[in-house]
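Just below is one structure, and these are the notes that go with it.
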Amino acid sequence: MNDLHEVSGFSLTRRNLFKAGGAFGIAAAFTGAQVSGLTAAEQALADAPRDAVKLNVLFIGAHPDDEAGNLGVFGQWNEYLGMKAGVITVTRGEGGGNAVGLEEGPPLGMMREAEERKAVGYAGIENVFNLDGLDFYYTASAPLSYQVWDGAGVLSRIVRVVRATRPDVIVTMNPSAVEGNHGNHQQAAMFAVEAYLAAGDPQRYPEHFAEGFEPWQPRRILRAGANGSGAAGEGGVAAGYTPTVASDVVFGCWNGTPSQRNGKRWSEMLDLARWAYVTQGWAEFAPGTTDPAKISNSWFTVIHSRSPLADPRSGGDAALRGAALPIDGGLPFGTLIDVRPARFEVVAGEDVKIQVTVTAPADAKLPAGRLALAAPSGWSAGGAVDVPALNRGRSHRATFRLTAGSDAVAGTQVRVDATLTAGGASGTTFAQLRVAGAVEATIRPLEEIQEFRSWTAGLGMKHLDVLVPELFPVGQGRTRTLEVIVENFSAQSRSGSVSLTLPAGFAASPAQQSYSGLAAGATTTVSFEVTNTDTSIPTANRAPAPVIDAVRREGEYPGEAIPVDTIWDGSPMGGKNPTISAKTWITHDDANFYLFISVVDDIRGTILPASDNKRQRRTDSVEIYIDPRGTAGNTAQTFIAGIMPSMDSMTGAPGVGRDRDNWQGEAAVTAPGMQVQVKMASTTAEYTGYDMEVKIPFAVLPDNLDPQHVGFNVVINDSDTQNKAAQNRVGWSTFPGMRADPWRWGIITLDGVQDAGSKPKKPILPDTAARSVGSPQSILQSAVDQVPLGGFSPTDHPLKVLKSSIAAGIVTVALQTPRAGTARVFLWDGEQVVGSAEAQVRSGRAELRFGARTAATGNGDSLVGTKASPVLAVSFESGSGVYAAKAPLGGRSV
0 MNDLHEVSGF SLTRRNLFKA GGAFGIAAAF TGAQVSGLTA AEQALADAPR DAVKLNVLFI
60 GAHPDDEAGN LGVFGQWNEY LGMKAGVITV TRGEGGGNAV GLEEGPPLGM MREAEERKAV
120 GYAGIENVFN LDGLDFYYTA SAPLSYQVWD GAGVLSRIVR VVRATRPDVI VTMNPSAVEG
180 NHGNHQQAAM FAVEAYLAAG DPQRYPEHFA EGFEPWQPRR ILRAGANGSG AAGEGGVAAG
240 YTPTVASDVV FGCWNGTPSQ RNGKRWSEML DLARWAYVTQ GWAEFAPGTT DPAKISNSWF
300 TVIHSRSPLA DPRSGGDAAL RGAALPIDGG LPFGTLIDVR PARFEVVAGE DVKIQVTVTA
360 PADAKLPAGR LALAAPSGWS AGGAVDVPAL NRGRSHRATF RLTAGSDAVA GTQVRVDATL
420 TAGGASGTTF AQLRVAGAVE ATIRPLEEIQ EFRSWTAGLG MKHLDVLVPE LFPVGQGRTR
480 TLEVIVENFS AQSRSGSVSL TLPAGFAASP AQQSYSGLAA GATTTVSFEV TNTDTSIPTA
540 NRAPAPVIDA VRREGEYPGE AIPVDTIWDG SPMGGKNPTI SAKTWITHDD ANFYLFISVV
600 DDIRGTILPA SDNKRQRRTD SVEIYIDPRG TAGNTAQTFI AGIMPSMDSM TGAPGVGRDR
660 DNWQGEAAVT APGMQVQVKM ASTTAEYTGY DMEVKIPFAV LPDNLDPQHV GFNVVINDSD
720 TQNKAAQNRV GWSTFPGMRA DPWRWGIITL DGVQDAGSKP KKPILPDTAA RSVGSPQSIL
780 QSAVDQVPLG GFSPTDHPLK VLKSSIAAGI VTVALQTPRA GTARVFLWDG EQVVGSAEAQ
840 VRSGRAELRF GARTAATGNG DSLVGTKASP VLAVSFESGS GVYAAKAPLG GRSV
């Protein structure tokens, strides 16, 4: 048992003099003063109003709108509890769809940022931090997201924002690699977990301290959402949530609480917030129910908590109690109880060490007390131990030896509670464990799943892996090697055997594999040959190359058609709206694929102009998926064609492009030699669908073909409305997650084609990230809260607006720049940019001039359509350093 100094304890450094609201509370006395011996950067920090950015709650997501479902709760917490929330968004969503126009790339990103700021404003949120990550396309791959975003850099920037804003509670998305989890969402949440652990560690990102930031330890991290069941209505929280994973702790908050300041329920405010995301088509969402008994509860799962927990059934503020708010009658607010098991798995009848660290609040002493560990019935944790009185910020560590019950059931999850009783009050936090078998055998996971499991193990967060499935695809009529990892979780050497239980239509050889002398904690691997004995799907024979004319002539496509009629997304259709369906024939020669696709449909989707060849789900369309070697880990290693037959008219040229793959964009650029022809399926006036013929050269694929194992799929998007959205999708292979997981596609074989060996092409990803230095709204916020733009490092000297003026529609701005770099000036009228300039500048004084939309009045020039006093938003970047300033038109920096 050791008496430890708290990692985030306060020391009287120069930076602490400027940290308003800090332990000594003396920052105000120095604000605006020149303090002898300070660097220019430190003097700038002395002048900075950092107190304004202290947050209680920080949401971390990937895109604008990821926070949307939580805004009713954040709004309640703000209105009734005074909680100040902020949002980190890794990207501006410039790679997503646009339901209201043709903007894409950075212009779309700026639109989505504006939507996000409007939406979160309904919840009283003023601080939105966009980190300038590239929004490239939909993927289920967290590793690809990490790679494209420069993950190490993004994590550093998130930690910088956490240290700058000092949140008590972090809320994020689901960090687990469960089926259907968006890869961007998962990676953003993984960043959130790492930032939660790293922000208070003085060994992590020490460069932040030279910039004026201190370590900051958030007290709790929550995942928005939960797995399990909980009732709707006002009584749902009090009734409690039943989690799928028994050891989960889930808090709730009812969205139907009336808002006094808005005159509506918060569920109605949530509708208003969602409708603000117009580019995503959310403006057409129907309003939620007004029946109080049916209004939803929002649920939050505890990922980790260092602070005592309130009873989750005690109210909509329970998720904050102990971390951002005190617990009535509880331990002194700010007390921390951090529970850390030595390992996640524990075998029945065996021991595991549990380390518990108690820390006194930074501003109060903690009386002496007793610390006890509680475990399930039949388990032994030993007796309570003494905890000495602790001065402010001091810590005490105790180690318990927990013995699992001899009848503990392998595969179950349990919770271990640590309770501190001191000064007549008590508080409890917890850790999660899994009862493991003495020896367990698991399928070797996909590479990305293994990366995730290694990540959870490295962070001591293996409970995040509980619901991640183990999957192994085997094509019809094919045989694959299945590797099984055998791990000894017990404390002694083990020997035994492994056999497989297979569904009907599968066989394994050999029937059993043995292992022997497997040491405690060791692993070994055994292998089986698994065969899918269902060979009912036929393969096509080769034929002369078809003529690409949307007519299927005799002999062009020998063999049976592949059915494309299984609902993947949407609802089964019947009655007046018969089921959307298609048949696909495929053949090849030595250099090309040829496909004939006959689609049966009854209502034609939106007819888009040729300039709108962007997002296939905006109307009726066909998607063709090809994984050249059948081993792609994500779609960046594949070819995905998107073809819209209704461009200009049915007789006009179809829209043909690539999306979410190795090189997205219009096919004329990204798939030279690809040909498409479309014809109405009927010669009558009645619309009954369309026929499509496609030629895809092997040369445009991202790798050489493995002719024995080509991944393949066809998906039909069906739109029966004119709102530029597909309502239903059918496909050949329709397993969940298929759109982003190539291993879920079907497999085809090409007879007579030689395997030239793998020669993958590097993905060509867009370079069109919307950036904070180009966002007036981000610049104006940063100028006030002093959190650097995009979370990047701030420059060591400030940028200043010396003076500005407008005459004859020309704005002149004089700047004092800290060094050579790029300066951007925007004239903002409260709603839009009405003039701007960008220039490379040297250190010292620089002058920028630009035109602005004005109208002459008797008092001189004034801005057209101005609804607020015009303001200058100025950004500066040099290397990796950024700075933001604001000034009224005609004035200096403020």
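352 is the number that numbering that gives the first Met the number 0 gives to position 353 of the sequence shown; each next residue is one higher, with no gaps. Beta carbons: idealized from backbone N, C-alpha and C, even for Gly. Quick caveat: nothing in here was measured; it's all calculated off a predicted structure.
Rounded to the nearest angstrom, what separates residue i and residue j at their Cα positions?
i    : j    : result
S453 : E447 : 10 angstroms
A39  : V870 : For A39, the predicted structure reports a pLDDT of 37, less than 50, and the residue's modelled location is therefore unreliable. A value from the coordinates is still provided. Going by the C-alpha atoms only, they are around 26 angstroms apart.
N897 : N126 : The requested residue 897 is not part of the displayed model; the chain covers only 0 to 893.
G457 : I547 : 54 angstroms
W742 : Q636 : 12 angstroms
S879 : S792 : 6 angstroms
N858 : I639 : A caution first: N858 carries a pLDDT of 37, below 50, which makes its placement in the model too unreliable to give a value.
S781 : R770 : 13 angstroms
R91  : L700 : 30 angstroms
F875 : E846 : 13 angstroms
V550 : E692 : 7 angstroms
Looking at the unbroken beta strand (DSSP E) that takes in residue i, where does it start and where does it end?
i    : result
F849 : 843-850
W447 : Inspection of the sequence shows that residue 447 is occupied by Glu rather than by Trp. Run containing E447: none in the beta strand (DSSP E); it sits in the alpha helix (DSSP H), 446-458.
T300 : 296-304
A666 : From DSSP, A666 is part of no beta strand (DSSP E) but of the alpha helix (DSSP H) over 666-669.
N129 : 126-132
L196 : It is not in any beta strand (DSSP E) - L196 instead sits in the alpha helix (DSSP H) that spans 182-197.
A507 : 505-508
A640 : 638-643
A417 : 412-421
A388 : No beta strand (DSSP E) holds A388; DSSP gives it neither H nor E.
V546 : Note, V546: premise wrong, no beta strand (DSSP E); not H, not E.
Where DSSP assigns a beta bridge to residue i, which residues make up the other side?
i    : result
T523 : V485
V168 : V56, R219
Q776 : None, per the DSSP bridge assignment.
A837 : It should be noted that the sequence gives Glu, not Ala, for residue 837. For E837, which the question treats as bridged, DSSP gives the partners R823.
Y514 : G495
N591 : P696
W744 : The partner list for W744 (beta bridge, DSSP) is empty, contrary to what the question assumes.
M907 : Because the chain in this structure spans residues 0 to 893, residue 907 falls outside the shown range and cannot be described.
P913 : Since the first residue shown for the chain is 0 and the last is 893, residue 913 is missing from the structure and cannot be characterised.
Y624 : I639, N712
Hey, residue i and residue j: beta-carbon distance below 8 angstroms or not?
i    : j    : result
S842 : A819 : yes
T171 : F58  : yes
G698 : T634 : It is Ala, not Gly, that sits at residue 698 in the sequence shown. Not a contact, by the Cβ cut-off of 8 angstroms.
A768 : G132 : yes
F343 : H462 : yes
V52  : F73  : no
I606 : V713 : no
Y276 : E114 : yes
W731 : V598 : no
T428 : V483 : no
I336 : G426 : yes
V729 : I625 : no
G229 : N296 : yes
A231 : I294 : yes
V386 : L419 : yes
G422 : P360 : no
Pull up the CB-CB distance for residue i and residue j, whole angstroms please, since I reckon it's below 8 angstroms.
i    : j    : result
Y882 : T748 : Incorrect: roughly 59 angstroms between the Cβ atoms, too far for contact.
G120 : N77  : The Cβ separation is near 11 angstroms, so there is no contact.
R156 : G789 : 7 angstroms
V810 : A851 : 5 angstroms
S306 : G321 : 4 angstroms
T455 : E486 : The pair is not a contact, with the Cβ atoms about 15 angstroms apart (cut-off 8 angstroms).
What residue does the alpha helix (DSSP H) around residue i start on, and which one ends it?
i    : result
W148 : 141-148
K117 : 105-120
A609 : A609 -> no alpha helix (DSSP H), and no H or E assigned at all.
F208 : 206-209
S266 : 265-274
E78  : 70-80
For the ligand PLP, I want to know if residue i counts as a neighbour, meaning its beta carbon is within less than 7 angstroms of at least one of the ligand's heavy atoms.
i    : result
L749 : In terms of ligand content, the structure shown is empty, and the ligand PLP therefore cannot be addressed.
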